[in-house]
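K.L.:
Structure incoming, see below.
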């Protein structure tokens with residue numbers, strides 16, 4: 001039973017019979033907010049055990065919110081491809097790289113170590129989204145002739161071609177029409193006015209909002225929270241606003257005639273084509289829009305750090321985004337956000353916190369230097385020694401944990417936590433009018 005099915009059974013299946021309180025509790029917004037609050041409570045409790053002060057607690061929650069938001073942005077963009085259209089795209093990181101690198105090349109100063117055009121950030125953001133959409137078009141034209149696994153192979157190969165191209169010395173520095181540009185090669189590329197800085201400066205420049213931010217920063221400093229931590233929280237809140245915007249956009253697409261054709265292609269492309277729909281054109285449009293959103297997600301995520309290199313966009317990033325989508329449930333925008341929150345909290349940040357708590361509360365002794373030594377200790381029934389090795393190598397073992405979770409989901413919940421939800425077929429009632437409504441509309445009473 002999925003989370004949504006449980007809520008429907010608990011609150012009542014018919015929305016007409018629900019009270020306003022039941023509708024509020026059963027809404028998607030309440031589900032997401034409730035999940036975030038529950039995660040915050042758990043992390044605050046863990047931070048208390050670890051002895052975090054107020055600054056450490058606030059900073060930990062800011063990082064958790066940041067990770068939840070950026071993964072939600074990427075997962076929502078992927079949901080347009082896979083959840084709506086059925087396009088098996090495993091090249092997400094590549095399109096994020098195109099958006100981020102284009103933004104930095106357009107907005108970097110001409111006299112920087114890796115020179116750029118020096119244009120305003122918003123121009124770079126639009127250029128990054130346009131470039132990601134254009135590269136998506138180039139990839140889509142030949143790739144969308146393929147189905148399922150073959151499309152996945154092409155997209156991941158395309159993503160790696162993009163990453164290796166940015167890594168090459170050929171594009172490290174080049175000149176176009178007398179203007180020197182470059183990707184920085186393996187050394188990466190940086191930008192002084194990154195999205196984080198520009199957005200916060202813009203908010204502070206607005207009279208009403210700037211005074212509120214100043215008051216919050218002052219109050220936080222009096223409570224022992226550093227200004228940098230407050231800025232981290234403010235940017236995380238801005239990212240949550242972008243998540244809401246992505247959600248709204250995808251909901252509008254899904255409920256439009258265009259979105260219904262995409263879902264028809266997902267269910268059976270041959271039937272959609274038989275009904276006269278140019279399925280290739282619809283898939284190309286969907287792919288381009290999704291790639292543009294992935295480019296924006298990359299800009300807001302990696303671009304906010306002010307520096308990126310090609311290794312920032314390894315295939316592992318794509319796999320993490322896919323796992324978050326699988327957890328929440330493909331085809332569900334709410335599931336995308338829920339999956340992102342659970343992945344960020346439980347699988348990405350959770351193991352590190354568990355390791356810190358265990359190391360402070362348990363006496364495990366010395367850790368073996370090799371995996372063979374840890375396995376040998378386990379065969380000797382020295383569980384504490386094996387556990388000590390696991391805690392010291394939690395970053396590597398996290399990938400194993402992610403794999404185990406993925407295997408369990410594929411076997412037990414392949415549709416995800418919010419999968420197989422009821423979708424609205426029409427925005428207007430499709431039932432036959434009743435006798436009273438017929439009379440009201442001008443019909444004759446029988």
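Numbering (UniProt numbering), first residue to last: 1 to 446. Even for Gly, the Cβ is constructed at its ideal location relative to N, Cα and C. Quick caveat: nothing in here was measured; it's all calculated off a predicted structure.
Tell me, to the nearest whole angstrom, how far the beta carbon of residue 331 is from that of residue 84; I am working on the premise that it is less than 8 angstroms.
P.N.:
Right, the Cβ-Cβ distance comes to about 7 angstroms (below 8 angstroms), so this counts as a contact.
K.L.:
Report the three-state DSSP secondary structure of residue 307 (helix, strand or coil).
P.N.:
Residue 307: strand per DSSP, three-state reduction.
K.L.:
Expressed to the nearest angstrom, what Euclidean distance is found between the alpha-carbon atoms of residue 126 and residue 100?
P.N.:
The alpha-carbon atoms of residue 126 and residue 100 are separated by roughly 11 angstroms.
K.L.:
If I'm right that residue 365 touches residue 388 with Cβ under 8 angstroms, what's the distance once you round it to whole angstroms?
P.N.:
So it is a contact: roughly 6 angstroms between Cβ atoms.
K.L.:
Taking 6 angstroms as the limit between beta carbons, can you name the residues of its chain near residue 409, skipping five residues before and five after?
P.N.:
Counting only Cβ-Cβ distances below 6 angstroms, and skipping sequence neighbours, we find 326.
K.L.:
By Cβ distance below 6 angstroms, which residues in the same chain neighbour residue 318 in space, the five residues on each side in sequence not counted?
P.N.:
Answer for residue 318: 90, 92, 93, listed in chain order.
K.L.:
Kindly list the residues whose CB is nearer than 7 angstroms to the CB of residue 243, restricted to its own chain and excluding five residues on each side of it in sequence; keep chain order.
P.N.:
69, 72, 73, 337, listed in sequence order.
K.L.:
Go ahead and pull the three-state DSSP assignment for residue 180.
P.N.:
DSSP places residue 180 in strand when its eight states are reduced to three.
K.L.:
How big is the Cα-Cα spacing for residue 175 and residue 182?
P.N.:
Residue 175 and residue 182: Cα-Cα distance of roughly 8 angstroms.
K.L.:
Indicate whether residue 172 and residue 190 have their beta-carbon atoms separated by less than 9 angstroms.
P.N.:
No, they are not a contact pair.
K.L.:
Where does residue 170 fall in DSSP's three states?
P.N.:
In the structure shown, residue 170 sits in coil (DSSP, three-state: anything other than H, G, I, E or B).
K.L.:
List in chain order: all unbroken alpha helix (DSSP H) runs of 4+ residues lying wholly within the segment 331-356.
P.N.:
Runs found: 333-342.
K.L.:
My output table needs one value for residue 214: the three-state DSSP class, helix, strand or coil.
P.N.:
The answer is helix: DSSP assigns residue 214 an H, G or I state.
K.L.:
Quick check: what's the CA-CA separation for residue 117 versus residue 315?
P.N.:
Those two C-alpha atoms are separated by around 29 angstroms.
K.L.:
If you compare alpha carbons, which of 341, 324, 196 is closest to residue 405?
P.N.:
Out of 341, 324, 196, 324 has the C-alpha closest to the C-alpha of residue 405.
K.L.:
Spatial neighbours of residue 152 within its chain, please: C-beta separation below 7 angstroms, excluding the five flanking residues on both sides.
P.N.:
88, 90, listed in sequence order.
K.L.:
For residue 191, does the three-state DSSP call read helix, strand or coil?
P.N.:
In this structure, residue 191 counts as coil in the three-state DSSP scheme.
K.L.:
So, does the segment 215-226 touch the segment 47-65, judging by three or more C-beta pairs under 8 angstroms?
P.N.:
Yes, they touch.
K.L.:
Is the distance from the Cβ of residue 78 to the Cβ of residue 290 below 9 angstroms?
P.N.:
Closer than 9 angstroms, so yes.
K.L.:
How about the segment 291-298 and the segment 126-141: do they share at least three Cβ pairs that are nearer than 8 angstroms?
P.N.:
Touching, yes.
K.L.:
Can you give me the start and stop residues for the alpha helix (DSSP H) that residue 315 sits inside?
P.N.:
Per DSSP, residue 315 belongs to the alpha helix (DSSP H) from 315-328.
K.L.:
With the cut-off set at 9 angstroms, would you say residue 80 and residue 103 are in Cβ contact?
P.N.:
Result no, Cβ atoms of residue 80 and residue 103 do not sit closer than 9 angstroms.
K.L.:
Residue 113: buried (16+ other C-beta within 10 angstroms of its C-beta) or exposed?
P.N.:
Exposed, because fewer than 16 other Cβ atoms sit within 10 Å of the Cβ of residue 113.
K.L.:
Sorted by chain position, which residues of the same chain lie with C-beta nearer than 8 angstroms to residue 306's C-beta, five sequence neighbours on each side aside?
P.N.:
Same-chain partners within the cutoff: 190, 191, 192, 194, 196, 197.
K.L.:
Under DSSP, the alpha helix (DSSP H) around residue 302 begins and ends at which residues?
P.N.:
That residue, residue 302, is in no alpha helix (DSSP H); it is neither H nor E in DSSP.
K.L.:
Can you give the Cα-Cα distance for residue 358 and residue 145, rounded to whole angstroms?
P.N.:
C-alpha separation (whole angstroms): 51 angstroms.
K.L.:
Does the distance from the C-beta atom of residue 43 to that of residue 235 stay below 9 angstroms?
P.N.:
No, the pair does not count as a contact, with Cβ atoms beyond the cut-off.
K.L.:
Thinking C-beta only, is residue 140 closer than 9 angstroms to residue 287?
P.N.:
Yes.
K.L.:
When DSSP builds the beta bridges, which residues end up paired with residue 175?
P.N.:
For residue 175, which the question treats as bridged, DSSP gives the partners 180.
K.L.:
Mind reading off the beta-carbon distance from residue 67 to residue 349? Whole number of angstroms is fine, and I expect it under 8 angstroms.
P.N.:
Between residue 349 and residue 67 the Cβ distance is about 7 angstroms, and since that is below 8 angstroms, they are a contact.
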